[in-house]
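**Q**
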Amino acid sequence: MTTEATLPTTAASPTARQVWTRARGIALALVLLLVGAVAIAVVRSDARHGELDPRSADPYGSRAVAELLADRGVSTRVVTTLDEARAAAGPDTTLLVAVPDLLTERQQTGLHSATSGSGGRTVLIAPGGAAVERLAPGVTADPALSVDSTLVPACDLPAARRAGNADTGGIRYSTHLEADACYPSRRLATLLRIPDPSTKASAEAAPGDTVVLGARDILFNNHLDEHGNASLALQLLGSRDHLVWYLPSLSDLPDPDDERGFFDLLPSGWLWGALQLLIAAALAALWRARRLGPLVPEKLPVAIRASETVEGRARLYRKANARERAATALRSATRTRLAPLVGVPVAQADSPESLLPALSAHLHGAHGDGQTLHTLLFGPPPGDDAALIALADQLDALEREVRRP
Numbered sequence: 000m001t002t003e004a005t006l007p008t009t010a011a012s013p014t015a016r017q018v019w020t021r022a023r024g025i026a027l028a029l030v031l032l033l034v035g036a037v038a039i040a041v042v043r044s045d046a047r048h049g050e051l052d053p054r055s056a057d058p059y060g061s062r063a064v065a066e067l068l069a070d071r072g073v074s075t076r077v078v079t080t081l082d083e084a085r086a087a088a089g090p091d092t093t094l095l096v097a098v099p100d101l102l103t104e105r106q107q108t109g110l111h112s113a114t115s116g117s118g119g120r121t122v123l124i125a126p127g128g129a130a131v132e133r134l135a136p137g138v139t140a141d142p143a144l145s146v147d148s149t150l151v152p153a154c155d156l157p158a159a160r161r162a163g164n165a166d167t168g169g170i171r172y173s174t175h176l177e178a179d180a181c182y183p184s185r186r187l188a189t190l191l192r193i194p195d196p197s198t199k200a201s202a203e204a205a206p207g208d209t210v211v212l213g214a215r216d217i218l219f220n221n222h223l224d225e226h227g228n229a230s231l232a233l234q235l236l237g238s239r240d241h242l243v244w245y246l247p248s249l250s251d252l253p254d255p256d257d258e259r260g261f262f263d264l265l266p267s268g269w270l271w272g273a274l275q276l277l278i279a280a281a282l283a284a285l286w287r288a289r290r291l292g293p294l295v296p297e298k299l300p301v302a303i304r305a306s307e308t309v310e311g312r313a314r315l316y317r318k319a320n321a322r323e324r325a326a327t328a329l330r331s332a333t334r335t336r337l338a339p340l341v342g343v344p345v346a347q348a349d350s351p352e353s354l355l356p357a358l359s360a361h362l363h364g365a366h367g368d369g370q371t372l373h374t375l376l377f378g379p380p381p382g383d384d385a386a387l388i389a390l391a392d393q394l395d396a397l398e399r400e401v402r403r404p
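Every letter in the sequence shown is one number past the one before it in numbering that gives the first Met the number 0, and letter 273, counting from 1, is 272.
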């Protein structure tokens, strides 16, 4: 027995219309992503203009702090180079380092050498792990940030107690040094005041110290009037007559021997971002690999032996462990062939009430028992492969017996 099928011809190369139909969704998504990225960049560039600059009146600038300090008699001077910042260190000066993480390792070490023992105050704004360890040796930054932004003082530092709650939540710090640890989040401080042991208080000036602040919020114009932010900022920055505001810039050239490599210039989260892109690309490749395109039928006559068809289907049933489906197919085919032989319409072949009485009347011996015939033709599925083979043999024997003259 053979079956032949002639399949229509389909072009293997997709047309331009087909390519556009498949790719237009991806192209539209890329365009929307590009437009969204440009819009976000524009919005963020406007909102963050002049960030932490005491001359800027923008929401994230710090002009309001500078003006309040001026009313209290504290002068504010902006410097943009490390040499100016180191030269300004002194007992009557507070040196604020706005972005400590932008400094190179050698610049951080040199700045610490200049401020240590100067008798002044150094305020570090949200330094990361590597920066705080060089600018304030003995202090460690925890990788997990504070959950809450507004925290309570929970310390004996007079400036913190007078200010009360403030938006200091950000980077959390720990230290083994003798220090005032304030505004804790999960037992780690977001503000540290570390006295300089090499300096002592005098009648004219307070002892030197270093203040490590875990967040920038209390210095922003749009957050200064919230909670105790203004009070805390004024007390931390107004303890000396002069405030030097160090904003690292491109003009602050590093030492040629301390130039950063390509990977040092990338943001700290680039590794996780690259890993996420790699996982997304792998998932996309896996998704697309499941369908490499439509099947390409060939205009060829196909002759398949009936025995090969049966064997191939049997192997598929076995691979899928589909004994129940195989048994159902065997029983259904047997009932369809037996019904005409015993005078039952094919439409009623699957009805035990119609088929079994006719079979019992036609047969003699063990197979003529109605219960046996019901179990054989309509019984439960076999429990294993051996039972399935036995069922096939019994159905074949039943059909031979019915066909016997």
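Just so it is clear, CB atoms sit at the ideal spot from N, CA and C, and this is done for glycine as well.
(1) Could you tell me which whole alpha helix (DSSP H) segments of length 4 or greater appear in the region 93-138?
(2) How long is the line joining the alpha carbons of R312 and T333, rounded to whole angstroms?
(3) Report yes if the CB atom of T167 is closer than 8 Å to the CB atom of L190, and no otherwise.
(4) Spell out the partners DSSP gives C181 in its beta bridges.
(5) Please return the same chain residues whose Cβ sits closer than 7 Å to the Cβ of A10, not counting the five positions on each side in sequence.
(6) Can you give the Cα-Cα distance for D70 and A159, rounded to whole angstroms?
(7) So, are the CB atoms of L246 and V64 less than 8 Å apart?
(8) Tell me the residue span of the beta strand (DSSP E) that contains L212.
(9) Let's test the definition: count the other Cβ atoms within 10 Å of the Cβ of N221 and tell me whether it reaches 16, buried, or not, exposed.
(10) Take A202 and list the residues in its own chain whose beta-carbon comes closer than 8 Å to its own, dropping the five residues that flank it on each side.
(11) Within 10 angstroms of its Cβ, does L372 collect 16 or more other Cβ (buried), or is it exposed?
(12) Taking the alpha-carbon positions, what's the A22 to G272 distance?
(13) Give me, in chain order, the residues of the same chain whose beta-carbon lies closer than 6 Å to that of T14; leave out the 5 immediate sequence neighbours on both sides.
(14) Could you tell me the distance, in whole angstroms, from the CA atom of A325 to the CA atom of Y316?
(15) Grab the span of the beta strand (DSSP E) containing H361 for me, first residue to last.
(16) If we count Cβ pairs, one from each stretch, closer than 8 Å, do we get three or more for the region 216-231 versus the region 77-88?
(17) Rounded to whole angstroms, what's the CA-CA distance from A130 to W286? Just pull it up for me.
(18) Are S173 and V146 close, meaning C-beta to C-beta below 8 Å?
(19) Measure the alpha-carbon distance for R336 versus A283 and round it to whole angstroms.
(20) Around the Cβ of L394, are there at least 16 other Cβ atoms within 10 angstroms (buried) or fewer (exposed)?
(21) Does DSSP classify V243 as helix, strand or coil?
(22) From what residue to what residue does the alpha helix (DSSP H) around S331 run?
(23) For T149 and V122, what's the separation of their Cα atoms in angstroms?
(24) Buried or exposed, going by whether 16 or more other CB atoms sit within 10 Å of the CB of A26?
(25) In this structure, what does DSSP give as the bridge partners for L150?
(26) In terms of residues, what are the limits of the beta strand (DSSP E) holding T75?
(27) Once you ignore the five residues that flank A348 on each side, which residues in its own chain have a CB closer than 7 Å to its CB?
(28) Exposed or buried, R120, counting other C-beta atoms within 10 Å across all chains shown (16 or more means buried)?
(29) Per DSSP, S173 forms a beta bridge with which residues?
(30) From L397 to H361, what distance separates their C-alpha atoms?
(31) Apart from the five residues just before and just after V401, which ones in its own chain have a Cβ nearer than 8 Å to its Cβ?
(32) Measuring alpha carbon to alpha carbon, tell me which residue in G35, G72, E132 and N320 is nearest D240.
(33) Between which residues of its own chain and T209 is the CB-CB distance below 6 Å, once the five residues before and five after are set aside?
(34) Given a cut-off of 8 Å, decide if R330 and A276 are closer than it, judged by their beta-carbon atoms.
(35) Which class does R54 belong to by DSSP, given the choice of helix, strand or coil?
(36) Express the C-alpha separation of N164 and S55 in angstroms, rounding to a whole number.
**A** Straight from the coordinates:
(1) Whole alpha helix (DSSP H) segments, 4+ residues: 104-114 and 128-134.
(2) What you label residue 312 is simply residue 313 of the sequence shown in a count that begins at 1. What you label residue 333 is simply residue 334 of the sequence shown in a count that begins at 1. Whole-angstrom Cα-Cα distance: 17 Å.
(3) On the sequence shown, position 168 is the one that residue 167 refers to. On the sequence shown, position 191 is the one that residue 190 refers to. A contact, by the Cβ cut-off of 8 Å.
(4) Counting from 1 along the sequence shown, the entry for residue 181 is found at position 182. Under DSSP, C181 shares a beta bridge with L190.
(5) For the purposes of this step, residue 10 is taken as the residue at position 11 of the sequence shown. Low confidence applies to A10: its pLDDT is 43, below 50, so where it sits in the model is not reliable enough to give any reading.
(6) Counted from its first residue, the sequence shown places residue 70 at position 71. Counted from its first residue, the sequence shown places residue 159 at position 160. Cα-Cα distance, rounded: 21 Å.
(7) The residue given as residue 246 occupies position 247 in the sequence shown. The residue given as residue 64 occupies position 65 in the sequence shown. No, the Cβ-Cβ distance between L246 and V64 is not below 8 Å.
(8) Translated into positions along the sequence shown, residue 212 becomes position 213. D208 to L212 is the span of the beta strand (DSSP E), which, as asked, contains L212.
(9) Residue mapping note: residue 221 aligns to position 222 of the sequence shown, counting from 1. By the 10 Å Cβ count, N221 comes out exposed.
(10) In the sequence shown, the residue the question calls residue 202 occupies position 203. The predicted model places A202 with a pLDDT of 48, which falls under 50 and marks its position as unreliable, so this point remains unresolved.
(11) Here residue 372 refers to the residue found at position 373 when the sequence shown is read from its first residue. Buried.
(12) Counting from 1 along the sequence shown, the entry for residue 22 is found at position 23. Counting from 1 along the sequence shown, the entry for residue 272 is found at position 273. Their backbone Cα atoms lie some 26 Å apart in a straight line.
(13) For the purposes of this step, residue 14 is taken as residue 15 along the sequence shown, with counting starting at 1. Excluding positions up to five away in sequence, the list is empty.
(14) Residue 325 sits at position 326 when you count from the first residue of the sequence shown. Residue 316 sits at position 317 when you count from the first residue of the sequence shown. Going by the C-alpha atoms only, they are around 7 Å apart.
(15) Reading the sequence shown from its first residue, position 362 is the one you call residue 361. Here H361 belongs to no beta strand (DSSP E); instead the alpha helix (DSSP H) covers P351 to H361.
(16) Contact between the region 216-231 and the region 77-88 is absent, because fewer than three Cβ pairs lie under 8 Å.
(17) Taking the first residue of the sequence shown as position 1, residue 130 is located at position 131. Taking the first residue of the sequence shown as position 1, residue 286 is located at position 287. Distance between the alpha carbons of A130 and W286 is about 43 Å.
(18) One-based indexing of the sequence shown puts residue 173 at position 174. One-based indexing of the sequence shown puts residue 146 at position 147. Their beta carbons are not under 8 Å apart, which means S173 does not touch V146 by this criterion.
(19) By one-based count along the sequence shown, residue 336 stands at place 337. By one-based count along the sequence shown, residue 283 stands at place 284. Near 50 Å, if we compare the C-alpha coordinates of A283 and R336.
(20) By 1-based counting over the sequence shown, the position of residue 394 is 395. Under this definition L394 is a buried residue.
(21) Position 244 of the sequence shown holds residue 243. DSSP places V243 in strand when its eight states are reduced to three.
(22) Residue 331 sits at position 332 when you count from the first residue of the sequence shown. From DSSP, the alpha helix (DSSP H) with S331 extends over R322 to L340.
(23) Here residue 149 refers to the residue found at position 150 of the sequence shown. Here residue 122 refers to the residue found at position 123 of the sequence shown. One C-alpha to the other measures close to 20 Å.
(24) Sequence index remark: in the sequence shown, residue 26 carries index 27 (1-based). Counting every other CB atom within 10 Å of its CB across the protein chains shown gives A26 a total below 16, marking it as exposed.
(25) As a working mapping, residue 150 is identified with position 151 in the sequence shown. Answer is A165, bridged to L150.
(26) Position 76 of the sequence shown holds residue 75. Looking at the DSSP string, the run of the beta strand (DSSP E) that includes T75 is S74 to V78.
(27) The residue labelled residue 348 in the question sits at position 349 within the sequence shown. Contacts found: R334, T335, A338 and L354.
(28) Working through the sequence shown from its first residue, we reach residue 120 at position 121. Looking at its Cβ environment, which holds 16 or more other Cβ atoms inside 10 Å, R120 is buried.
(29) As a position in the sequence shown, residue 173 is number 174, starting the count at 1. The partner list for S173 (beta bridge, DSSP) reads T139.
(30) Working through the sequence shown from its first residue, we reach residue 397 at position 398. Working through the sequence shown from its first residue, we reach residue 361 at position 362. Rounded to whole angstroms, the separation of the alpha carbons of H361 and L397 is 11 Å.
(31) The residue you call residue 401 lines up with position 402 of the sequence shown. Non-local beta-carbon contacts of V401 in its own chain, meaning distances under 8 Å to residues more than five positions away in sequence, involve L337, L340, V341, L358, H361 and L362 in chain order.
(32) Within the sequence shown, numbered from 1, the residue matching residue 240 stands at position 241. Taking each of G35, G72, E132 and N320 in turn and checking the Cα distance to D240, the smallest one comes out for G72.
(33) Against the sequence shown, residue 209 aligns to sequence position 210. Hits under 6 Å: T121, A135 and I193.
(34) The count along the sequence shown starts at 1 and reaches residue 276 at position 277. The count along the sequence shown starts at 1 and reaches residue 330 at position 331. It is worth fixing the name first, because residue 276 is Leu in this sequence and not Ala. Taking 8 Å as the cut-off, the beta carbon of L276 is found no closer than this to the beta carbon of R330.
(35) Position 55 of the sequence shown, counted from the first residue, corresponds to residue 54. In this structure, R54 counts as coil in the three-state DSSP scheme.
(36) Taking the first residue of the sequence shown as 1, we reach residue 55 at position 56. Taking the first residue of the sequence shown as 1, we reach residue 164 at position 165. Each residue's alpha carbon lies about 26 Å from the other.
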